[in-house]
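2 protein chains.
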Amino acid sequence: MSDNAFMQEAVELARENVADGGQPFGAVLVKDGKVIARAVNRMEAENDPTAHAELMALREAGAALATTRLDGCTVYASGQPCPMCLAAMQIAGISEIVIGYSNENGAPYGLGSADAAAELSQPLDQQDWATIRYLPPDDAAAPEIYRAWSAQSAKKA
Amino acid sequence: MSDNAFMQEAVELARENVADGGQPFGAVLVKDGKVIARAVNRMEAENDPTAHAELMALREAGAALATTRLDGCTVYASGQPCPMCLAAMQIAGISEIVIGYSNENGAPYGLGSADAAAELSQPLDQQDWATIRYLPPDDAAAPEIYRAWSAQSAKKA
Chain A
43 MSDNAFMQEA VELARENVAD GGQPFGAVLV KDGKVIARAV NRMEAENDPT AHAELMALRE
103 AGAALATTRL DGCTVYASGQ PCPMCLAAMQ IAGISEIVIG YSNENGAPYG LGSADAAAEL
163 SQPLDQQDWA TIRYLPPDDA AAPEIYRAWS AQSAKKA
Chain B
43 MSDNAFMQEA VELARENVAD GGQPFGAVLV KDGKVIARAV NRMEAENDPT AHAELMALRE
103 AGAALATTRL DGCTVYASGQ PCPMCLAAMQ IAGISEIVIG YSNENGAPYG LGSADAAAEL
163 SQPLDQQDWA TIRYLPPDDA AAPEIYRAWS AQSAKKA
């Protein structure tokens with residue numbers, strides 16, 4: 043299948059999701075020319091604030107391939123990925139992201155994440171949407187749980 | 043319960059997760075002084091690249107309260123939230139975030155997301171970790187699926 047065909051499938055998933063009462067976002071995750079996962083925005087359907095299409099595709103692909111690492115995979119996203127989904131794809135090691143509709147295309151409909159991204163780009167203590175503060179435990183200089191995890195990881199390696 | 047007690051619980055969850063072979067991260071989500079959700083990092087256990095503690099807490103809280111909006115809630119995170127989790131909390135409308143161990147505390151153990159955040163702060167076409175490109179569908183100037191979703195949302199309102 044071609045680039046355009048995968049994108050068309052992502053958009054078609056989004057279209058079906060609207061018909062099902064959901065938001066107009068779909069994603070297709072591809073490895074070696076094969077579709078590993080297809081997903082749509084399921085926020086309202088599952089009462090899950092994190093259930094964006096791309097995030098769902100990553101979760102499904104991880105389960106399908108039995109790994110947390112999706113290196114070499116491409117995500118076709120019908121809409122421009124929001125900061126959460128972009129960071130999730132970075133964590134998973136996604137190699138390529140192909141975006142259909144941009145934030146600019148979505149703006150007239152109130153769809154897109156440009157404002158959210160601008161907010162998040164500020165320093166932690168200057169984020170407008172939440173109060174963020176540190177409450178360091180007593181052992182913060184050398185956290186016991188981090189030392190325990192390090193020791194355990196060294197044993198496994 | 044006090045601020046310190048909630049943080050202690052988040053750290054204790056992280057400690058138990060290490061004992062279970064997982065990563066040293068826990069999160070407690072609180073509303074009106076009551077714990078709504080407790081979660082730990084389940085990446086390896088569930089082959090889910092998105093299963094960070096904070097994200098799991100948001101998902102659990104959304105299900106528990108039957109909503110995608112967690113306004114008025116506080117998240118106690120044992121470690122500094124990564125960009126994915128920070129953006130997820132923004133999407134959910136989290137009002138307050140209390141952080142235990144900072145990225146600096148985690149750095150000596152290879153734990154923390156400062157490098158990932160720096161990468162993500164670059165423009166889309168300059169991200170080092172993935173090739174990101176646009177493949178706009180023919181109707182990108184006025185996406186049919188966005189118009190359909192708008193019309194549907196107007197009817198519901």
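Residue numbers (the working numbering), protein chains in the order written: chain A, 43 to 199; chain B, 43 to 199. Think of the CB as a built atom: it goes at the ideal place given N, C-alpha and C, for glycine as much as any other residue.
Within the region 157-169 of chain A, contact with chain B at the beta-carbon level (separation under 9 angstroms) is assigned to Ala158, Ala159, Glu161, Leu162, Ser163, Leu166 and Gln169.
A buried status is given to threonine 116 of chain A, since no fewer than 16 other beta-carbon atoms sit within 10 Å of its beta-carbon. Counting only Cβ-Cβ distances below 8 angstroms, valine 77 of chain B has no contacts in chain A at all, with the closest Cβ about 16 angstroms away. Nearest in C-alpha terms to glycine 152 of chain B, of all of A/Ser195, A/Gly154 and A/Asp45, is A/Ser195.
Judged by DSSP secondary structure, isoleucine 139 of chain A falls outside any alpha helix (DSSP H) and instead within the beta strand (DSSP E) spanning 138-143. Within a 10 Å sphere around the beta-carbon of alanine 93 of chain B sit 16 or more other beta-carbons, which makes this residue buried.
Rounded to the nearest whole angstrom, the CA to CA distance from glycine 75 of chain A to cysteine 127 of chain A is 22 angstroms.
For the 8 angstroms CB-CB criterion, phenylalanine 67 of chain B and serine 120 of chain B form a contact. Annotation: Cβ neighbours of aspartate 90 of chain A in chain B (cutoff 9 angstroms, chain order): Leu100, Arg101, Gly104, Ala105 and Thr110.
For the pair arginine 80 of chain B and methionine 43 of chain A, the Cα-to-Cα distance works out to about 43 angstroms. With at least 16 other beta carbons inside 10 angstroms of its own, serine 155 of chain B counts as buried. According to the DSSP secondary-structure assignment, threonine 173 of chain B is paired through a beta bridge with A/Glu138.
Using a CB distance cut-off of 8 angstroms, glycine 142 of chain A counts as an interface residue toward chain B. Assignment of alpha helix (DSSP H) within the region 83-119 of chain A, counting only whole runs of 4 or more residues, yields 85-88 and 95-107 in chain order.
Taking a beta-carbon distance threshold of 8 angstroms, leucine 97 of chain B counts as an interface residue toward chain A. By the C-beta criterion, the region 88-104 of chain B is judged to be in contact with the region 86-100 of chain A, since at least 3 inter-stretch pairs fall below 8 angstroms. Membership of leucine 71 of chain B in the beta strand (DSSP E) is indicated by the continuous run 68-73. When secondary structure is reduced to three states using DSSP, glycine 121 of chain B falls in the strand class. Beta-bridge partners assigned by DSSP to arginine 80 of chain A: A/Val70. Taking all protein chains in view, the Cβ of alanine 184 of chain A is surrounded by fewer than 16 other Cβ atoms within 10 Å, so the residue is classified as exposed. Put simply, the backbone Cα of serine 163 of chain B is about 18 angstroms away from that of serine 137 of chain A. Using beta-carbon distances, glycine 148 of chain B counts as an interface residue toward chain A, with a partner under 8 angstroms.
For leucine 71 of chain A, no CB of chain B lies under 8 angstroms from its own CB, so it is not counted at the interface with that chain. Burial state of proline 165 of chain B is exposed, judged by a 10 Å Cβ sphere holding fewer than 16 other Cβ atoms. DSSP places leucine 55 of chain B inside the alpha helix (DSSP H), whose first and last residues are 45-61. At a cut-off of 8 angstroms between beta-carbon atoms, valine 82 of chain B makes no contact with chain A.
Taking all protein chains shown into account, asparagine 46 of chain A has fewer than 16 neighbouring C-beta atoms within 10 Å of its C-beta and is therefore exposed. Per DSSP, the continuous alpha helix (DSSP H) segment holding aspartate 157 of chain A begins and ends at 156-162.
Leucine 112 of chain A is positioned such that its CB atom lies no closer than 8 angstroms to that of methionine 49 of chain B.
Among the residues facing chain A, glutamate 86 of chain B is included, as its CB has a counterpart in that chain under 8 angstroms away.
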